[in-house]
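Numbering (UniProt numbering), first residue to last: 1 to 304. Presented below is the structure to which this report refers.
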């Protein structure tokens, strides 16, 4: 870090101790940091306002496009009606108002001061004048549409410029934090920090550590190379480990499953043991009965 005092104040600064010079430089850097922070907040507010205006302009543009499409459809309908040739016979009927769309009927009624009835015909002169009105209105909407598109492009350009300026201000704030940290490392300087320094401290440390960004990229690459079921298992494990309630539920659920398995195994083993004991007891009782109530001959006859 270099200090470049002017020649006029060189003699005066030479008489000052180094600690005083560092403190003055620290104050100037803090003042510059505060100014940049205020500018950053103002630009953030301005960026949000421009984003809202951009959203409104896009919605208005979509509505104007829909209205223009509707007007062009109505205009094509009227042009199709005026292009119909009359028959050669006298007194042939002119296309009635029943085939004219409702918006055109209302516009004609307002323009000529009387509501058209379905039984009356649609004069050709009125159709031509109405076509001129709708054509001029379409041109006005087209000009307004082009104007809104230009404003939309300008707002997008402004938003991109403000975003780049915000990125530059964030980088400048990190550099200022680096200078403040250098000044605070000088002996005799307090180590008190405010919220702004704490916020930029992590960004500064991450920028200095090349292994953190490399490890993040490697973890992302490994995660993308996993199969879908591996991703689901990893996400479930992260969810369980990151939430206390999820960890508690998983613990009791695992304990319940183990107890249920042990209980089923114990019941199965006990049932088989009781069955074997019953079979052995019945065989013993049968043998005692044969030995007690029947003789050997009777037993032989029974066996035969």
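Even glycine gets a Cβ: it sits at the ideal position worked out from N, Cα and C.
Could you check if residue i is buried or exposed, using at least 16 other CB atoms within 10 Å of its CB as the buried criterion?
| i | result |
| --- | --- |
| residue 265 | exposed |
| residue 134 | buried |
| residue 130 | buried |
| residue 243 | exposed |
| residue 2 | Confidence is the limiting factor: at residue 2 the pLDDT is only 43, short of 50, which leaves the residue's position unreliable, though a coordinate-based value still follows. By the 10 Å Cβ count, residue 2 comes out exposed. |
For the putative contact between residue i and residue j, defined by C-beta atoms under 8 Å, what is the C-beta separation to the nearest angstrom?
| i | j | result |
| --- | --- | --- |
| residue 52 | residue 138 | About 30 Å separates the two Cβ atoms, so there is no contact after all. |
| residue 46 | residue 162 | 7 Å |
| residue 246 | residue 239 | 6 Å |
| residue 226 | residue 158 | The pair is not a contact, with the Cβ atoms about 41 Å apart (cut-off 8 Å). |
| residue 36 | residue 179 | So it is not a contact: roughly 12 Å between Cβ atoms. |
Can you grab the Cα-Cα spacing for the pair residue i / residue j, in whole Å?
| i | j | result |
| --- | --- | --- |
| residue 62 | residue 219 | 42 Å |
| residue 286 | residue 273 | 20 Å |
| residue 284 | residue 237 | 58 Å |
| residue 165 | residue 216 | 26 Å |
| residue 277 | residue 250 | 40 Å |
| residue 254 | residue 260 | 10 Å |
| residue 233 | residue 74 | 58 Å |
| residue 275 | residue 267 | 12 Å |
| residue 160 | residue 152 | 12 Å |
| residue 222 | residue 167 | 29 Å |
| residue 154 | residue 64 | 19 Å |
| residue 252 | residue 231 | 24 Å |
| residue 288 | residue 262 | 39 Å |
| residue 150 | residue 156 | 10 Å |
| residue 271 | residue 282 | 16 Å |
| residue 33 | residue 201 | 14 Å |
| residue 279 | residue 269 | 15 Å |
| residue 241 | residue 26 | 44 Å |
| residue 228 | residue 31 | 52 Å |
| residue 369 | residue 214 | Since the first residue of the chain shown is 1 and the last is 304, residue 369 is not available in this structure. |
| residue 132 | residue 77 | 14 Å |
| residue 171 | residue 48 | 20 Å |
Rank the options by C-alpha distance to the C-alpha of residue i and give the top, closest one.
| i | options | result |
| --- | --- | --- |
| residue 66 | 253, 287, 267, 141 | 141 |
| residue 136 | 294, 270, 71 | 71 |
Give a single yes or no on whether residue i has its beta carbon closer than 6 Å to a heavy atom of the ligand COA.
| i | result |
| --- | --- |
| residue 73 | In terms of ligand content, the structure shown is empty, and the ligand COA therefore cannot be addressed. |
The region 26-46 contacting the region 132-149, beta-carbon criterion three pairs below 8 Å: Flag = no, the region 26-46 and the region 132-149 do not touch.
Meets three-Cβ-pair contact criterion under 8 Å: the region 167-175 and the region 47-64: No, because fewer than three Cβ pairs between the region 167-175 and the region 47-64 fall closer than 8 Å, the two stretches do not touch.
Inter-stretch contact at 8 Å, needing at least 3 Cβ pairs: the region 179-186 / the region 17-26: yes
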